[in-house]
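**Q** FYI, the numbering for the sequence shown is 38 to 218, going by the numbering used here.
What follows is a single structure, and I will ask about it in a moment.
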Amino acid sequence: MGVAQTLTAIALGLLTPSGAQVPASDGSALRAVAASCEGATTAAGNARSELRAMSCGVNVVRRSFGLSVLQESPRLDRSSLLKANAVRRCGFSHTPCGMPFTQTFVRAGYLPARSIAENLAWGQRERGSPLRTLAAWLASPRHRANLLARGWQDLGLAFQRGSMFGYSGVSLWVLELGRRR
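Next comes the structure, spelled out in structure tokens:
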């Protein structure tokens with residue numbers, strides 16, 4: 038690819054139990070998401086409202102930690118959707134169907150870039166809500182590191198709901214982060 042890149046891929050399946058503890062600062066950030074982002078607490082909205090709630094939630098969490106907000110990138114949205122489709126077809130992995138991790142970023146025209154990262158998550162019913170997914174990412178050190186890294190400029194999201202991985206009522210999330218310059 039010619040450009041030095043940081044590549045990070047982290048997957049999270051079957052989101053944290055409802056009683057999972059998160060640090061107090063995370064609790065404040067998550068309460069701010071619940072108060073500020075319409076639809077963040079439910080997994081019952083349409084795809085557009087779910088995506089809007091998650092984008093809002095990511096930026097509310099970042100602001101809660103003194104970080105810059107991220108700009109939505111159509112290229113990262115496309116890459117996220119390509120990844121979600123492959124995950125749904127071939128299984129929960131950053132390299133579904135045996136494809137290289139960077140393939141969707143390349144196909145969507147986001148690479149070359151300085152750095153990219155990806156968080157995946159899935160959960161059934163309310164465990165797949167934007168708020169519960171953010172809580173699970175914050176409770177996982179590696180997901181948290183991706184979400185709260187200072188260098189990101191762009192974000193892309195994909196969301197799919199349905200029967201997958203042998204379960205019904207599943208919400209699948211793909212969050213991609215990047216910095217092109």
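All C-beta atoms, glycine included, are put in the ideal place defined by N, C-alpha and C.
On a predicted model such as this, the values are computed, not experimentally measured, just so you know.
If you draw a straight line from the C-alpha of residue 75 to the C-alpha of residue 98, how long is it?
**A** Cα to Cα, the separation comes out at about 15 Å.
**Q** Assuming contact is defined by CB atoms lying nearer than 9 Å, are residue 191 and residue 140 in contact in what I supplied?
**A** No, these two residues do not count as a Cβ contact at 9 Å.
**Q** Span of the alpha helix (DSSP H) holding residue 198?
**A** Not the alpha helix (DSSP H): residue 198 falls in the beta strand (DSSP E), residues 191 to 201.
**Q** Using only CA atoms, which one of 111, 210 and 138 lies nearest to residue 164?
**A** Closest option to residue 164, Cα to Cα, is 210.
**Q** For residue 53, which of helix, strand or coil comes out of DSSP?
**A** Low confidence applies to residue 53: its pLDDT is 34, below 50, so where it sits in the model is not reliable enough to give any reading.
**Q** Considering just the uninterrupted stretch of the alpha helix (DSSP H) at residue 94, what are its terminal residues?
**A** Here the alpha helix (DSSP H) through residue 94 covers 84 to 101.
**Q** With a Cβ-Cβ cutoff of 9 Å, do residue 216 and residue 80 count as a contact?
**A** Contact flag unset, no.
**Q** Would you decide whether residue 58 is buried or exposed? Buried here means 16 or more other CB atoms lie within 10 Å of its CB.
**A** With a pLDDT of only 43 at residue 58, under the threshold of 50, the placement of this residue in the model should not be trusted, and no figure is reported.
**Q** Does the region 116 to 129 come close enough to the region 200 to 214 that 3 or more CB-CB pairs lie under 8 Å?
**A** Output reads yes: the region 116 to 129 touches the region 200 to 214.
**Q** I'd like the span of the alpha helix (DSSP H) that includes residue 143, first residue to last.
**A** Where residue 143 is concerned, the enclosing alpha helix (DSSP H) stretches over 140 to 144.
**Q** Report the start-end ranges of each beta strand (DSSP E) in the region 120 to 191 that is 3 residues or longer and not cut off at the edges.
**A** Runs of the beta strand (DSSP E) inside the region 120 to 191: 152 to 161.
**Q** Can you look up residue 76 in the DSSP assignment and give me helix, strand or coil?
**A** Reduced to three states, the DSSP call for residue 76 is coil.
**Q** I think residue 153 touches residue 214, with their Cβ atoms under 8 Å apart; what is that distance to the nearest whole Å?
**A** Right, the Cβ-Cβ distance comes to about 7 Å (below 8 Å), so this counts as a contact.
**Q** With distances taken Cα to Cα, identify the nearest neighbour of residue 91 among 70, 111, 105 and 104.
**A** Comparing Cα-Cα distances from residue 91 to each of 70, 111, 105 and 104, the minimum goes to 70.
**Q** Just to confirm before moving on: does the CB-CB distance between residue 174 and residue 180 stay below 9 Å?
**A** Taking 9 Å as the Cβ cut-off, residue 174 and residue 180 qualify as a contacting pair.
**Q** DSSP beta-bridge partners for residue 211?
**A** According to DSSP, residue 211 bridges with 157 and 195.
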